[in-house]
Amino acid sequence: MKFVIAIIQPGKLESVKAALSKVEVVRLTVLECQGFGRQKGKTGPHLGHDSSVNLLRKVQLQIAVNEEFVQPTIDAIIAGGRSGEEGRIGDGKIFVLPMDDCIRIRTGETGSEAI
Amino acid sequence: MKFVIAIIQPGKLESVKAALSKVEVVRLTVLECQGFGRQKGKTGPHLGHDSSVNLLRKVQLQIAVNEEFVQPTIDAIIAGGRSGEEGRIGDGKIFVLPMDDCIRIRTGETGSEAI
Amino acid sequence: MKFVIAIIQPGKLESVKAALSKVEVVRLTVLECQGFGRQKGKTGPHLGHDSSVNLLRKVQLQIAVNEEFVQPTIDAIIAGGRSGEEGRIGDGKIFVLPMDDCIRIRTGETGSEAI
Amino acid sequence: MVQWLRAPMLTCLVLAGIVGVNMMMASPTFAQDDAAAVVEAAVETVEYNDADYQYTINTLIMFICAVLVLFMQAGFAMVEVGLNSAKNTINILAKNVMDLAIGVILYLLVGFALMYPGAPEDGVYPDSWVMPGYVGAFSSFVTLDDPAEPGSYSSPADFLFQVAFAATAATIVSGSVAGRMKFSAYLIYSALLTGLIYPISGSWKWGGGFLNEWGFQDFAGSVLVHTVGGFAGLAGAIVLGPRIGRYTSDGRSVPIPGHNIAFAALGVFILWVGWYGFNPGSQLTYAGGANAFATTYIGLTTTLAAAAGAVSALVLAWVLFSKPDLTMALNGVLGGLVAITANCDRVSQVESLIIGAIGGALVVAGVILLDKLKIDDPVGAWPVHGLCGVWGGVATGIFGDVPDGFEGSFLGVQCLSTLIVAAWAFFTMLALFLGLKAVGMLRVSPEEEQAGLDISEHGMHAYPSDAVSAGAIH
Amino acid sequence: MVQWLRAPMLTCLVLAGIVGVNMMMASPTFAQDDAAAVVEAAVETVEYNDADYQYTINTLIMFICAVLVLFMQAGFAMVEVGLNSAKNTINILAKNVMDLAIGVILYLLVGFALMYPGAPEDGVYPDSWVMPGYVGAFSSFVTLDDPAEPGSYSSPADFLFQVAFAATAATIVSGSVAGRMKFSAYLIYSALLTGLIYPISGSWKWGGGFLNEWGFQDFAGSVLVHTVGGFAGLAGAIVLGPRIGRYTSDGRSVPIPGHNIAFAALGVFILWVGWYGFNPGSQLTYAGGANAFATTYIGLTTTLAAAAGAVSALVLAWVLFSKPDLTMALNGVLGGLVAITANCDRVSQVESLIIGAIGGALVVAGVILLDKLKIDDPVGAWPVHGLCGVWGGVATGIFGDVPDGFEGSFLGVQCLSTLIVAAWAFFTMLALFLGLKAVGMLRVSPEEEQAGLDISEHGMHAYPSDAVSAGAIH
Amino acid sequence: MVQWLRAPMLTCLVLAGIVGVNMMMASPTFAQDDAAAVVEAAVETVEYNDADYQYTINTLIMFICAVLVLFMQAGFAMVEVGLNSAKNTINILAKNVMDLAIGVILYLLVGFALMYPGAPEDGVYPDSWVMPGYVGAFSSFVTLDDPAEPGSYSSPADFLFQVAFAATAATIVSGSVAGRMKFSAYLIYSALLTGLIYPISGSWKWGGGFLNEWGFQDFAGSVLVHTVGGFAGLAGAIVLGPRIGRYTSDGRSVPIPGHNIAFAALGVFILWVGWYGFNPGSQLTYAGGANAFATTYIGLTTTLAAAAGAVSALVLAWVLFSKPDLTMALNGVLGGLVAITANCDRVSQVESLIIGAIGGALVVAGVILLDKLKIDDPVGAWPVHGLCGVWGGVATGIFGDVPDGFEGSFLGVQCLSTLIVAAWAFFTMLALFLGLKAVGMLRVSPEEEQAGLDISEHGMHAYPSDAVSAGAIH
Ligand SMILES: Nc1ncnc2c1ncn2[C@@H]1O[C@H](COP(=O)(O)OP(=O)(O)O)[C@@H](O)[C@H]1O
Ligand SMILES: Nc1ncnc2c1ncn2[C@@H]1O[C@H](COP(=O)(O)OP(=O)(O)O)[C@@H](O)[C@H]1O
Ligand SMILES: Nc1ncnc2c1ncn2[C@@H]1O[C@H](COP(=O)(O)OP(=O)(O)O)[C@@H](O)[C@H]1O
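Chains as they are written, first to last, in our numbering: chain S, 410 to 524; chain W, 410 to 524; chain F, 410 to 524; chain G, 2 to 475; chain L, 2 to 475; chain C, 2 to 475.
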């Protein structure tokens with residue numbers, strides 16, 4: 410089982426969700442976050458001086474999946490999350506972390522069927 | 410050492426905290442998140458059309474624990490987080506991730522005593 | 410590759426960022442969170458009764474790094490995040506999680522060069 | 002019948018029911034057409050005599066004061082929104098918009114005539130009264146006066162000013178029942194209060210009813226408006242019971258903090274400003290030096306009481322909780338304003354400071370009291386409007402100049418009358434809420450309450466997250 | 002020339018352009034200096050005759066009403082902010098502040114004289130008209146009246162009241178084009194609307210132009226203000242096209258919810274209150290019982306329509322969507338207010354309830370209609386101001402008392418006139434927006450739209466996160 | 002003595018101290034009781050002569066203007082909240098509510114008599130002055146006029162209007178010291194400013210003091226209100242030093258953006274509206290065509306200056322920062338309004354545009370200047386109120402009509418007087434703040450500042466998270 414963390418553009422949430430559901434990944438958790446990356450932050454004046462608004466609004470997806478779903482999930486996120494053909498800086502990253510166990514609070518089930 | 414991530418109902422935070430402190434798990438981090446799961450999102454009209462408010466507000470707990478505390482922590486979250494006897498869809502999930510190390514910023518201590 | 414999660418004081422974000430960029434760690438994700446720890450929460454009256462405002466505002470940093478960068482990253486966070494010489498309760502924690510893979514959405518690159 | 006049809010239907014039923022058969026639609030309509038004609042003719046008039054002058058000034062200033070009082074609706078909405086959880090914001094706003102809208106219609110069709118059936122001529126009541134001195138007339142619409150024979154002020158201005166008061170009484174309750182009452186139940190309640198309960202007790206004093214005969218004094222409605230709202234809300238809070246999680250199984254009090262105190266403070270500033278329509282406007286006649294003076298003198302005492310209430314509540318909270326609690330200071334302002342409302346015309350500057358200061362202290366005391374009694378009043382509507390309203394009525398008896406030619410114990414009359422009005426509001430509303438509870442129409446399910454009334458009752462969030470509302474490409 | 006210089010320059014150009022050469026700066030300046038002298042002398046006056054009394058009352062009450070109408074600007078801003086994404090908040094606020102500022106200046110330099118060139122004496126237009134009955138005068142600044150020979154009210158009060166109306170018409174459009182129009186394009190648009198488009202159609206009726214000759218009635222501007230704004234906005238929404246993600250490639254409608262409904266509701270309360278300046282203030286003369294009565298009677302019909310609009314919109318939405326939709330109730334209030342604006346002086350109480358209720362229903366219908374047509378009007382400005390504005394004009398013909406001595410079909414004149422004004426606003430603005438689009442100055446890039454106009458157009462966030470704004474130690 | 006007792010105690014001490022022994026409680030109380038009697042009698046009056054008419058109109062309109070100015074308190078609160086970090090919201094709101102409450106009480110007990118001890122009869126000051134021309138009288142409460150012998154307006158109306166001005170001066174400072182001053186220190190400051198500092202300099206001109214003798218003109222208080230507040234705030238900002246993290250160790254400027262610009266914009270709209278009470282209301286007499294004209298002419302120049310200020314600040318910021326900065330446009334509106342306040346009665350329309358435009362530009366310049374000097378003024382109170390206030394005083398000398406019979410250099414007198422008032426406010430407040438700093442009562446600890454004043458000073462959050470406030474089951 411893996412715990413997939415993806416950071417995407419806010420505007421891409423809908424399309425990533427759509428792509429994920431195509432590969433039957435329907436459960437996920439969404440967090441709002443801000444990111445520094447290669448993409449430079451926009452800067453703007455505040456009461457007269459430049460404040461580097463260098464934290465960019467991003468959306469983080471957390472998806473717990475079984476092994477066989479890892480690659481489809483990654484592909485779906487890329488498909489739904491990339492801007493245009495060759496992508497744009499700021500499109501984000503996907504991190505795959507190992508996961509030891511998963512428990513469903515409602516039933517207490519554990520392991521892969523709980524995902 | 411494990412890194413436990415639990416997604417619970419917002420209203421359950423207090424009772425989960427209470428249950429956790431019973432097993433001496435007093436340190437944790439709370440994030441607000443939104444989730445898709447089996448539980449269907451409520452839908453509502455906005456200026457006349459249905460907007461599927463399908464992201465549900467959830468609360469995420471992150472708890473770093475030593476091995477011996479993993480099971481008590483899981484049990485406590487289930488005890489405090491389940492709705493009624495047999496639970497309700499939307500009660501959430503617990504994810505257990507391996508953790509290599511833990512450092513306390515204040516003292517620089519590392520490993521299990523830093524948790 | 411490791412996935413480093415650090416919980417720090419809100420006011421420390423700027424200095425931690427500065428310290429990190431010194432060791433060439435320029436990409437990171439920031440989340441707002443709240444924490445329970447040893448540091449006691451302040452309490453305040455609400456419409457006449459004490460409501461324990463025991464959740465403290467914190468900032469969470471998530472940094473995916475290659476092995477060789479792990480220690481420098483930890484040291485930088487401690488350097489930038491500790492209050493004064495011997496630190497203060499509430500300064501927070503750093504958690505190091507193993508990471509299997511990293512994918513750049515824009516290019517589809519994977520592994521260490523994608524970080 | 003599906004749940005969601007129930008509410009609109011029932012509301013309409015209630016409405017229709019209390020409007021009743023003898024709603025003489027015809028005549029007023031005529032009257033209005035004449036009126037419209039008058040409106041046409043308007044521009045010609047060029048001769049101004051004293052009567053005309055008096056009518057003009059009184060009407061125009063009363064209109065401006067009515068606008069100020071109507072503005073208070075925004076203040077009440079912001080205060081309630083700010084002091085409650087984010088998940089109930091839509092519901093609170095919907096209640097506050099709709100109780101005004103429904104209030105206007107019900108007061109037009111029923112309340113206004115019920116409250117002002119005509120004052121008695123030396124003790125003899127006009128036939129318009131259904132129960133002389135106790136229940137007024139049943140008729141609808143504003144009977145328009147003829148400016149050619151000017152009275153003291155125009156009837157439309159009068160209606161606007163009075164309906165704003167009725168809406169105030171209604172909206173006070175919203176705060177006490179926030180977070181758990183069904184939206185449909187609230188609509189039914191607000192129709193009843195503005196249509197029947199408020200106008201009837203109002204007629205007892207302002208309509209010339211029996212309390213007025215007793216010599217009871219309530220200049221701008223500490224009792225008739227705020228006590229009525231405050232005690233109706235108390236009944237609601239008691240019947241509903243506390244919000245889930247407000248008190249733990251082992252009886253610990255777990256405050257549920259408001260989600261946006263900036264809204265609450267903005268609301269209080271708006272209410273403070275609106276009160277300059279509420280109290281000075283209640284002078285009703287403004288033309289002539291004595292009236293102009295009185296109007297502004299009332300504005301002065303009102304201001305002093307508000308300031309004193311803020312200071313006393315803040316200092317008291319500071320001493321009790323060792324922190325200067327803003328929510329207490331805000332409610333202290335309101336407590337001071339409510340307390341001075343009954344007597345702003347008949348107390349000295351020093352007295353108005355005292356009355357306001359005690360009002361501010363009572364707010365703090367009332368909040369603590371309710372908490373001890375485990376009665377969950379999310380915004381503290383009872384301490385502010387109920388308790389300070391009663392104090393306002395009593396303070397009139399203590400500090401206020403005794404009306405000329407008054408016999409017997411002024412304080413006694415004030416206390417008794419205040420008690421009667423408070424009881425009337427409390428028990429009639431207790432009956433209503435118990436009834437709604439009996440038929441299971443009062444409170445939402447625990448699941449709905451947990452999810453928040455915004456989603457469960459209205460199907461929308463007040464503050465959708467950026468991620469959701471940022472828009473998507475396909 | 003760098004992009005960011007373009008906008009200020011162009012705005013100034015447009016401004017200069019329409020101000021034109023014949024901007025007689027000199028004379029008014031003189032006038033004002035005399036005026037100032039008058040201000041000096043002021044305090045001496047102690048004799049009051051009827052003319053002076055009438056002038057005083059009319060001027061002062063008109064001034065108060067102007068303040069109320071100007072307050073509506075805050076309401077419009079809050080409604081638009083609340084019903085849009087957080088990422089466009091700064092842009093929306095900037096538009097709302099600047100269209101008022103620019104509106105004031107343009108209306109001073111061009112619009113006012115263009116709209117009120119002087120009424121015709123028995124059918125003969127004064128030479129001031131450029132095209133008698135169709136296009137008024139080109140001159141600048143407020144020509145000041147001499148209070149020594151008092152007219153009906155002071156010209157500065159008149160200007161303040163009228164400029165507030167112009168700003169209202171302008172700001173309505175802001176809601177329809179929110180989230181995707183370039184800031185500079187909006188500035189150019191608002192200069193044109195308040196400087197030319199609104200004053201010209203306004204002159205057709207209120208300036209004594211040809212629609213007035215026809216006997217067209219629009220008491221406070223359902224048509225001249227709200228229909229103009231609503232249809233100008235419709236043109237903008239059509240030319241711009243929907244926001245990214247508003248409709249999916251396969252044609253599904255994806256609503257983009259507003260980010261703060263509490264702001265939206267506060268805005269509606271403010272607008273409701275401001276409308277008491279908008280409609281009653283349009284009586285223009287208040288002195289004398291008949292006028293005072295008319296003013297407040299107008300306040301009554303206005304109130305009833307607002308309440309009826311809220312109820313009908315809520316109930317209809319409840320039945321259609323099985324949820325009581327707050328945003329519909331809020332827009333229902335506005336729909337009722339817009340609908341009664343043209344006829345608040347000439348309908349009965351019952352009729353005002355009917356007109357308001359239909360207005361509320363039309364808002365719901367209009368929102369659904371636009372969605373079917375895939376026209377993206379984020380705040381529903383067209384349903385509220387365009388559609389209900391038209392309804393207001395038509396309703397005047399259906400319910401309103403026919404003006405004395407009117408010949409022919411009143412309803413016909415109302416319909417035709419309303420149509421002409423709507424078409425004028427729609428097509429002139431369509432041309433403007435198409436022009437801006439042609440030169441690529443209309444809409445921001447998809448990237449900028451995605452990031453939000455706050456960052457891309459103004460370089461700042463409306464709600465920086467705590468983490469960022471908490472401050473750092475070094 | 003425990004910390005939290007310190008503040009309430011000290012505040013009371015300060016209060017008691019400056020109220021002083023000779024607070025003649027008795028007499029006014031009598032006066033009020035008579036007054037109350039008058040209130041009783043009121044309704045009888047039916048004869049209206051010119052004097053009575055003048056008194057009535059002046060009193061009523063002044064009352065309405067006072068309400069508008071009091072509403073500005075909400076505007077100031079929203080602007081300050083919006084332009085600061087979320088973690089200081091409760092503290093800012095508490096300061097804004099309490100400086101009004103304390104201001105009302107202190108101005109009643111001390112300030113009012115100190116500021117208006119009675120104008121000199123041909124150069125001879127009444128004995129009421131403690132230091133003729135420099136320090137007024139020490140007495141308390143509003144001495145009530147007898148409407149039977151009507152003066153120009155009622156004394157309660159006068160007090161309400163004047164106290165609103167005092168509260169304005171006090172609240173300006175709140176913005177400059179936001180985010181780091183102890184709440185108790187702010188209470189002490191505000192008591193002193195409204196009780197002593199503001200009334201004394203106010204008496205120099207409006208009380209008939211020495212500046213008035215010089216022929217100094219400040220119609221509505223660019224200098225006496227805004228310059229005083231702006232320079233008092235500057236003293237506070239300098240003594241306090243910048244917020245932690247505002248400037249880096251290596252001297253880089255790190256702006257701390259406001260957390261809710263929508264609140265800030267709402268506040269500016271409210272202030273704009275309130276200014277129609279501030280400036281036109283300062284005409285003080287409204288009855289009679291000349292006065293009605295003057296009142297509305299002042300409203301016109303005020304509006305033009307606000308609009309010009311917004312445009313010039315936006316364009317200048319656009320050119321300098323290559324982005325149209327909303328915060329600059331908002332402060333530009335305020336800068337234009339502050340600048341026209343001193344001369345709105347004596348400049349032409351063109352001149353008011355120029356004065357406002359320069360005001361807007363000065364705001365941008367002032368913000369940049371403070372940043373260069375590393376003075377941390379979170380909301381830009383000094384650029385807006387201090388700098389533009391000075392400009393308003395000077396502009397009166399440049400553009401304003403010279404008062405009849407004035408000898409010597411009008412501009413000279415304006416500059417010197419403005420300088421004196423600015424210095425008075427700056428140095429007296431500098432002394433106070435240095436004193437508080439010396440005893441360690443001025444600034445919170447770095448830890449408290451980091452955590453935010455809401456938690457550390459008031460023990461509560463302004464915006465508790467949903468997770469916390471959602472409530473729990475047990
Ligand atoms: N190594 C990393 N650790 C944590 N977050 C990262 C990392 N790299 C990128 N991110 C997140 O992904 C977001 C997008 O990164 P981006 O600038 O697109 O990277 P790239 O330029 O490599 O495509 C960043 O704003 C940040 O939030
Ligand atoms: N596989 C998953 N990955 C990430 N988050 C999940 C996953 N499954 C569930 N969640 C989170 O848990 C929340 C509750 O899920 P729920 O609908 O109760 O699951 P179930 O129906 O299996 O009980 C969801 O809203 C989502 O936020
Ligand atoms: N074991 C843990 N699991 C999750 N979060 C933790 C843990 N320990 C600490 N934290 C987070 O770090 C923050 C700071 O902790 P702190 O009180 O400084 O710990 P310590 O007292 O050990 O320094 C806490 O508020 C919490 O958010």
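Glycine included, every Cβ here is placed at the ideal spot set by N, Cα and C.
| Nearest CA to the CA of Asp-251/G: which residue from Gly-501/W, Val-432/W, Val-479/W and Ala-427/W? | Within the fourth sequence, residue 251/G is the residue found at index 250, counting from 1. When C-alpha distances from Asp-251/G are compared across Gly-501/W, Val-432/W, Val-479/W and Ala-427/W, the shortest belongs to Ala-427/W.
| Is Gly-499/S near ligand 1, with its Cβ less than 7 Å from a heavy atom? | Locating residue 499/S in the first sequence gives position 90, counting from the first residue. Yes.
| task | Please list the partners that Glu-423/S has in chain L, where partner means a Cβ-to-Cβ separation under 9 Å. | result | For the purposes of this step, residue 423/S is taken as the residue at position 14 of the first sequence. By Cβ distance, chain L contributes Gly-246, Thr-249 and Val-255.
| message | Quick check: is the beta carbon of Asp-500/W nearer than 8 Å to any beta carbon in chain S? | response | Position 91 of the second sequence, counting from 1, holds the residue named residue 500/W. Taking Cβ atoms only, chain S reaches closer than 8 Å to Asp-500/W, which makes this a yes.
| task | With 8 Å as the threshold, decide whether the Cβ of Gly-457/W is near any Cβ in chain G. | result | The residue given as residue 457/W occupies position 48 in the second sequence. Residue placement at Gly-457/W is flagged as unreliable, the pLDDT there being 40, under the threshold of 50; the coordinate-derived value follows with that caveat. Not one chain G Cβ lies under 8 Å of Gly-457/W.
| task | Indicate whether the contact test is met: 3 or more Cβ pairs, each with one atom in the stretch 345-359 of chain L and one in the stretch 187-207 of chain G, closer than 8 Å. | result | Contact between the stretch 345-359 of chain L and the stretch 187-207 of chain G is absent, because fewer than three Cβ pairs lie under 8 Å.
| Can we count Arg-247/L as close to ligand 2, meaning its CB is less than 7 Å from some heavy atom? | Along the fifth sequence, one-based indexing puts residue 247/L at 246. No - ligand 2 has no heavy atom lying nearer than 7 Å to the Cβ of Arg-247/L.
| task | Could you tell me whether the stretch 78-89 of chain C touches the stretch 252-272 of chain C, using the rule of 3 or more Cβ pairs below 8 Å? | result | Touching, per the Cβ criterion.
| query | Out of curiosity, what's the CA-to-CA distance linking Gly-406/L and Leu-225/L? | reply | Residue mapping note: residue 406/L aligns to position 405 of the fifth sequence, counting from 1. Residue mapping note: residue 225/L aligns to position 224 of the fifth sequence, counting from 1. Their Cα atoms are separated by approximately 23 Å.
| query | Name the chain F residues that come within less than 7 Å of Ser-466/C, Cβ to Cβ? | reply | Here residue 466/C refers to the residue found at position 465 of the sixth sequence. Here the neighbours are Gln-443.
| task | Could you have a look at Thr-286/C and say whether DSSP puts it in helix, strand or coil? | result | The residue you call residue 286/C lines up with position 285 of the sixth sequence. Thr-286/C: coil per DSSP, three-state reduction.
| Taking 8 Å as the CB-CB cut-off, is Ala-463/G touching chain W? | As a working note, residue 463/G is residue 462 in the fourth sequence. Chain W places no beta carbon closer than 8 Å to that of Ala-463/G, leaving this residue out of the contacts.
| query | Would you call the CB atoms of Cys-511/F and Phe-504/S closer than 8 Å? | reply | By 1-based counting over the third sequence, the position of residue 511/F is 102. By 1-based counting over the first sequence, the position of residue 504/S is 95. Contact annotation: Cys-511/F and Phe-504/S have beta-carbon atoms nearer than 8 Å.
| For Leu-354/C, which of Asn-50/L, Lys-96/L and Leu-107/L has the nearest alpha-carbon? | As a working note, residue 354/C is residue 353 in the sixth sequence. From the listed residues Asn-50/L, Lys-96/L and Leu-107/L, the smallest Cα separation to Leu-354/C is found for Leu-107/L.
| message | Looking at chain W, is there any beta carbon in it that lies within less than 8 Å of the beta carbon of Arg-466/F? | response | As a first step, residue 466/F is located in the third sequence; it is residue number 57 there, counting from the start. Taking Cβ atoms only, chain W never reaches closer than 8 Å to Arg-466/F, which makes this a no.
| message | Taking 8 Å as the threshold (beta carbon to beta carbon), is Gln-469/W in contact with chain G? | response | Taking the first residue of the second sequence as 1, we reach residue 469/W at position 60. At least 8 Å separates the CB of Gln-469/W from every CB of chain G.
| task | Could you check what DSSP says for Tyr-187/G in three-state terms: helix, strand or coil? | result | Numbered from its first residue, the fourth sequence carries residue 187/G at position 186. In the structure shown, Tyr-187/G sits in a helix (DSSP, three-state: H, G or I).
| said: Please tell me whether Leu-429/S has its Cβ less than 8 Å away from any Cβ of chain F. | reply: By one-based count along the first sequence, residue 429/S stands at place 20. Judged by the 8 Å Cβ criterion, Leu-429/S is not in contact with chain F.
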